[in-house]
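Asks: Below is one structure. I have some questions about it.
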Amino acid sequence: MNIRIVSLVKVVLIGCLLSGAGKIWAEEEVATSPVPGWVTNVVIPEVSKTPNDKIQNGVHYLLLDTQVKVGEEKAPDYFFRMAENIINQEGVDESSQISINYDPVYQKVVLHSINVIRNGEVLNKINTARMDYIQREEEMSELIYSGQITLNILLDDIRVGDVVEYSYTRSGMNPVYQGLFAYSFNLNWSVPLESHFLRILWEKPNPLQYSIVNSDLELKRRNLGDANEFILQDSKIDPLKSDDDTPSWFSPWGAVYFSESETWEDVGIWGRGLYEDVYHINEDISKLADNIKSNSSDKGSQISAALKFVQDEVRYLGIELGENSHKPRLASETLRNRYGDCKDKTVLFLTLLKELGVIGYPALVNTESKLKNKIPSVRSFDHVITYFEFEGKEYWVDPTRSYQHGALDTIHQPDYGKALVLRPGVDNLTEMHPTFAKFGVFVKDEFNIPTEGSVAFKSKTVNYGWNAERQRRGLASNGRDSIQNGYLEFFEGYYPGIEVETIVEFEDDLERNIFSYTEQYRIEEFWENKPERERYEVDFYANIVSSAISKYDDRNRRHPLELLYPELIEQIIEVNFEGDDWSFDNEFFEEDNKFFHFKNTVDYQEATKKLRLEYSYQSKIDHVKAEDYKSYIEAIERVENHLSYGVYKRYTNSSIVNEGEGGLVSQLSVATFIYIYASFYVLLIFMWRYERWKNPVKQDAIYYPVSLGKLIAMWIFTFGLFGVYWFYRNFKYIRVQENSAIMPVARGIFNEFWYFPLWNNLKEDSVNRFGVSHLPGKKLAILLAIIFLVSSILGHITDYVLLSLLISALAILPLANYMIFVNGAKSSAEINNSRWGIRHVLLILLGLPLYVIQIGGEVGLTPSEAVIDGSEISADNIKFMQRQGIIKPKDEVEYFYSDALLFVRDDGNGFTQRHVFSYWKEEGVLQKEVATYDKVEDIQVEWGGLEDNTTVTILRKDGSDFILYVSGVDGRDKLFVNALKAQWQSIQ
C-alpha cells in the first residue's frame, strides 16, 4: 500500500481515538473534594477602590493563589484558587465560564469550590454548574496535537457585582521529565491584580534551585522539619505594558523560576536519555543515503540534499501525547510516516548524516527567550534543531524550515542565542555563532523618460538567504496574481496612473538560494504639474531601503526595539532621459553609526543622459537599547532627506495652463470666483424684476400658491434662497390684507423664526372662510415649527446642509398645500407661479456647483465645512501631500481640516501619528509648516464660536511657531485638538 495513504489512515485513526477519548471523559463525573489539608488558607482581600480605568473585560482580579506540593514518591500537586470581581456586563460574560486544561494521560483534576459571593452571602455553585469535558486542540493550527482535555464549567445566575471564587487541584507530571521538578510563575500581568500568593511545599531531600527576574520581591523560606516552605506574595500589582516591536527574547515581566536540576550538565544527561536508541537505521534509510551519495560525490552537497529531503519530503506534524511531547520517534518510523515534529525530523536528519559519515547532535533551544535569565531546567526549551561540524565550521540547521535551497553556506541558519547541545561531556550552554549567509535584497529600478508620452518603468528584485525563503513561501501561498496586485498597489502610492505592462516574472536559483522577480510597468501621469513654479516635478524614492528603517514617535521608549539583523539592502535607481536639457550635480552622503550603515550616491553621465541613484543599508545590531533610542532616531532623521531625489523640467511655453489640478477654475483667485458667481445671481435678480415689471403680481391670488414639486425643487436647489422669496411673498400678502406695518423682507430673510406666525395666520384665514381649520393642529404646528427652526439652524452651523434643506422643505408643505387649496385647483395664480422660466433653470444650474462642493466635501474631494477623519481624504489629495513633503508615504493622517473654498490643495491643517502640519497658498505659491512632536514645546488653543474657526498655535522648542485653523462645526474642533494633544503628550 502507498506510504502516504498509510500515513493518512494513521492520522485519521489517531484523530478518532482522541475524539473517542473525549467522549469517554465527557461521560465521567467531575471529581470533587474539600481543600487538601496541606494547603494554607489565604483571605480574599477587601478592595476600597476599584481601578476601573485599568481593568479589562469587566473583571477585577482579587486573588491568585497558587500552591504546589512536591513529594519524593508522589507526583506534584498543583493547587489553584482564583477570586475575581465582576464590574460590568462584559465581566459577566467573562467570569461565568471557567476552563481548566489538563492532560488525562498523566494528570487528574479535583474541584474543591465554586462560590459566588453576593452582598456578603456565599452561594455554592458546584452542584448547579454545568460541567463538560471538551477535546480542545488549541495548537491544531500549528499542526500540533497534544491530547489535552478542557474541563469547561458554565455557571448559572451570575450578576454584576458578584465575586466568583473557585479552586481546584491538578495532580501529576509528564513522565518524560523523569520526576525532575521545574516550575515558573509570572509576577506581572497586563491587568491589575489585587493580590497573589505563591507557595512551594518542598518535601524532597535534594535542594530546590530558584531565580527571580525583573522583580524586587524576596522569596521567604522556612524549614518545617520534614519539608521546606517557599513563599512569594505581593499586593496592589499594577498592570504592565510592553512597548511594541521588542525583540522576541526580551521580557519586561517579572517571574520566578524553580528547578530541581542543579546544573546544565544534569539537564543534558536527562536530554541525552531521550535520544538514546532512536537513530534506527533500516533498509529504507540506507537506500535513501546511498541514493544521496550516488547523486553527488561532494560531501557538502550530500548534507544539503539530506537536509532538503527532511525539510521538503517529511511534512511537519506533531502528535505530542504524553512522553512524545519531548521524546522523539525512531528515525525509521518518521521516514515511514513521512511526517514528524521538530525532534522527529532532527533525529531522521541526524541518522542520514551518520550514514553520510557526518556526526551531529540535537540542540535544545528556546525560540522566545534565547535562554536568557534561565536557571538549569528540563522545562527551558521549546524547540530542537541540529548541530554539526563540517570542514572546520559549525552549523546550526533547522530541519523544520521549508523552501531552503542551495549549498550549506547559502541557507539561513537560525540564531537562538544559546543552545544545549546533547553531546557527551557538554556541561553548559553553547553560544550559537551561526554562519550568516548573504541575507537581504538587491533592487534595480529603471525609468526610461521620453520627451513626450508615458514612462516605462522596470524593477528587478533579487532576494538572498532568508528573504529568498520568504519569497518562495509567499509565491506558494498567494499565487502570482495576488502578488502582482500587491506590487501594483505598492507602486500606486508613489506613481499614480501606473499600469502593468508585463506580468511579473519569477526566477528561482536553487543552487545559490536566490529568488528574483522582474516587474514592468507603464506610467501615464508621471510628471506632477507645478504651475506656481512653471515646471513639472517628479520624485524617485528609495522605497525598499526606507521601509527597512524603523522609526517610532515614542521618544520615551522604555524597552528595546528589534531590528532585522543581519540585513543588507541595496537599491539602484537608473533614470534614462531623452533630450539634451538635463543637468545634475553629483552627490555623496554617508551615515555610519553603531546601529546601521547607510550610503547614498548621485551620479549623472551627460554622455549617456543617465542619472544613477545608489542607496545601501546594512544593519549592525539586532536591537536598539531603550537608552540608545534617541540616538537611533536622530540617526534616522539625518538619513531621511537622502531617501528620495527630486527632478523637474521647466515649461517650454510659459503660457501653459495647469489642467491637471482643476483646470481653469483653479487658476482663478477665490475672490474672483465669488465675484463672478455673485454676478450671475445679481443678473437673475434683474431678470426677475424685469419680469415682475412686465407681468405685475396678480392681486386676486390668496397668499402665494405654487406647486409642491416646484416649491421643493427650488427650495433645495437654491439652497433655501427660494424659501426667502416664498416667505416674503406670503407676508407681503398678509401686510396688504391686514394693512399692518410688518416687514415682509425681514421675515423672508429670517424665515426660520416665522413658521408658526404664518401657520397661525393661515389657520385664522381657514376658520373665517370655511368655519373649520384645514391646517395641522396647534401641537403638530408647534412641532413642525421647532423642526423647521432646528433644521434651518443646523444647516448654518453643521455640515448637513442638504439634509437640513430637505427637512425644512418637507415641514413647509402643509402650509403650501393650504395655499393651493384656498385658491382652488389649478387656479391661474398657481399655474402662473408654478411655471418654469429661464431664471428658475439658471438658479438651479447656479446651485449645482454648490452641491458639487458640498458632496465633494463629504467624500473628501473638496473642502468640508467640518473637521474630517484622515481616512476621508481622497487618494489624490493624499498623494499631493506626499509629493509636497507635507506627509510621508507611511504617514496616516488622523484628523484634517481645509479652510479653502474649492480645493483641498490650496489649504489644509492636520496631524499624523508622527507630526503636525499646515499648508496654504500665498500669491500662488504653496507654503507649508511641519513639526514632529518631539520638536513641539507647547500647543495653545483659542476656541472659536459657531462661525469662527478655532486657532491652534504650535510652539516649537526653537522659539518658532505656526498656526492651524480648525472649524468648530459639529464641535469637531474639540475632537481635533484633544486628539492632537494626546499624540503630542504621548512622546513627552
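If you want our numbering, it's the 1-based position in the sequence shown plus 189. Beta carbons are placed, not taken as given, at the ideal position from N, Cα and C, and that holds for glycine. Remember, predicted model here, so these are calculated numbers, not experimental data.
(1) Could you check where the beta strand (DSSP E) with residue 371 kicks off and where it finishes?
(2) Residues in its own chain within less than 8 Å of residue 998 by CB, not counting five upstream and five downstream?
(3) Report the CB separation of residue 1016 from residue 933 in whole angstroms; it is logged as a contact under 8 Å.
(4) Between 1089, 1068 and 1087, which has its C-alpha nearest residue 1079's C-alpha?
(5) CA-CA distance, residue 817 and residue 759?
(6) Grab me the residues of residue 347's own chain with a C-beta within less than 6 Å of its C-beta, minus the 5 sequence neighbours each way, in chain order.
(7) Look at residue 270 and residue 302 and say whether their C-beta atoms are less than 9 Å apart.
(8) Give, in chain order, every unbroken run of the beta strand (DSSP E) that is at least 3 residues long and sits entirely within the segment 741-818.
(9) Among 831, 920 and 573, which residue has its Cα nearest to the Cα of residue 735?
(10) Within 10 Å of its beta-carbon, does residue 1049 have 16 or more other beta-carbons around it, so buried, or fewer, so exposed?
(11) Cβ atoms of residue 437 and residue 607: under 9 Å apart, would you say?
(12) Let me confirm a value: residue 537 is counted as buried when at least 16 other C-beta atoms fall within 10 Å, else exposed. Which label applies?
(13) Can you tell me whether residue 322 is helix, strand or coil according to DSSP?
(14) When you compare each of 1084, 389, 1101 and 809 to residue 1076 by their alpha carbons, which one comes out closest?
(15) Under DSSP, the beta strand (DSSP E) around residue 902 begins and ends at which residues?
(16) Roughly how many angstroms separate the alpha carbons of residue 552 and residue 508, rounded to a whole number?
(17) Counting beta carbon pairs with one atom in the segment 562-571 and one in the segment 471-482, are three or more of them shorter than 8 Å?
(18) Of the residues 450, 546 and 518, which one's Cα is nearest the Cα of residue 488?
(19) Looking at residue 639: is its Cβ nearer than 9 Å to the Cβ of residue 621?
(20) Could you check what DSSP says for residue 423 in three-state terms: helix, strand or coil?
(21) For a test of the three-state rule: what should DSSP assign to residue 393, helix, strand or coil?
(22) Within 10 angstroms of the Cβ of residue 1025, are there 16 or more other Cβ atoms? Answer buried if so, exposed if not.
(23) When we look at the beta-carbon of residue 1111 and count the other beta-carbons within 10 Å, is it buried (16 or more) or exposed?
(24) Kindly indicate which three-state DSSP category residue 1133 falls into: helix, strand or coil?
(25) What is the DSSP secondary structure of residue 683, reduced to helix, strand or coil?
(26) Using 9 Å as the threshold, is the C-beta distance between residue 710 and residue 719 below it?
(27) Residue range of the alpha helix (DSSP H) that residue 501 falls in?
(28) Considering only their Cβ atoms, is the gap separating residue 268 from residue 224 smaller than 9 Å?
(29) Can you list, in chain order, the residues of its chain whose CB lies under 8 Å from that of residue 470, leaving out five sequence neighbours each side?
(30) Along the chain, which unbroken stretches of the alpha helix (DSSP H) at least 4 residues long are found entirely within the segment 614-678?
(31) Tell me the DSSP secondary structure of residue 1090 in three-state form.
(32) Please go through the same chain and pick out, in chain order, the residues whose beta-carbon is closer than 8 Å to the beta-carbon of residue 1173, but skip the five residues on each side of it.
(33) Rounded to the nearest angstrom, what separates residue 916 and residue 943 at their Cα positions?
(34) Would you mind sorting residue 1001 into buried or exposed? The rule is 16 or more other CB atoms within 10 Å of its CB.
(35) Can you tell me whether residue 428 is helix, strand or coil according to DSSP?
(36) Could you have a look at residue 246 and say whether DSSP puts it in helix, strand or coil?
Replies: Let me spell this out:
(1) 371-375
(2) 900, 901, 904, 905 and 912, listed in sequence order.
(3) At roughly 22 Å, the Cβ-Cβ gap does not stay under 8 Å, so residue 1016 and residue 933 are not in contact.
(4) 1068
(5) Straight across, the Cα-Cα distance linking residue 817 with residue 759 is about 26 Å.
(6) 281 and 285
(7) yes
(8) 757-766, 776-781, 785-794 and 799-808
(9) 831
(10) Confidence at residue 1049 is low in this model, with a pLDDT of 49, below 50, so the placement of that residue should be treated as unreliable; the coordinate-derived value is given next. Buried is the call here.
(11) No.
(12) buried
(13) Residue 322 falls in the strand class under three-state DSSP.
(14) 1101
(15) Premise fails: residue 902 lies in the alpha helix (DSSP H), 897-906, not in any beta strand (DSSP E).
(16) 20 Å
(17) The segment 471-482, when compared against the segment 562-571, does not touch it at the 8 Å Cβ threshold.
(18) 546
(19) no
(20) Strand, per DSSP.
(21) Residue 393: coil per DSSP, three-state reduction.
(22) exposed
(23) exposed
(24) Residue 1133: coil per DSSP, three-state reduction.
(25) coil
(26) no
(27) 488-502
(28) yes
(29) 520, 521, 540, 543 and 544
(30) 654-667
(31) coil
(32) 1105, 1122, 1125 and 1128
(33) Looking at the backbone, the Cα of residue 916 and that of residue 943 are separated by about 8 Å.
(34) buried
(35) coil
(36) In the three-state scheme derived from DSSP, where H, G and I count as helix and E and B as strand, residue 246 is classed as coil.
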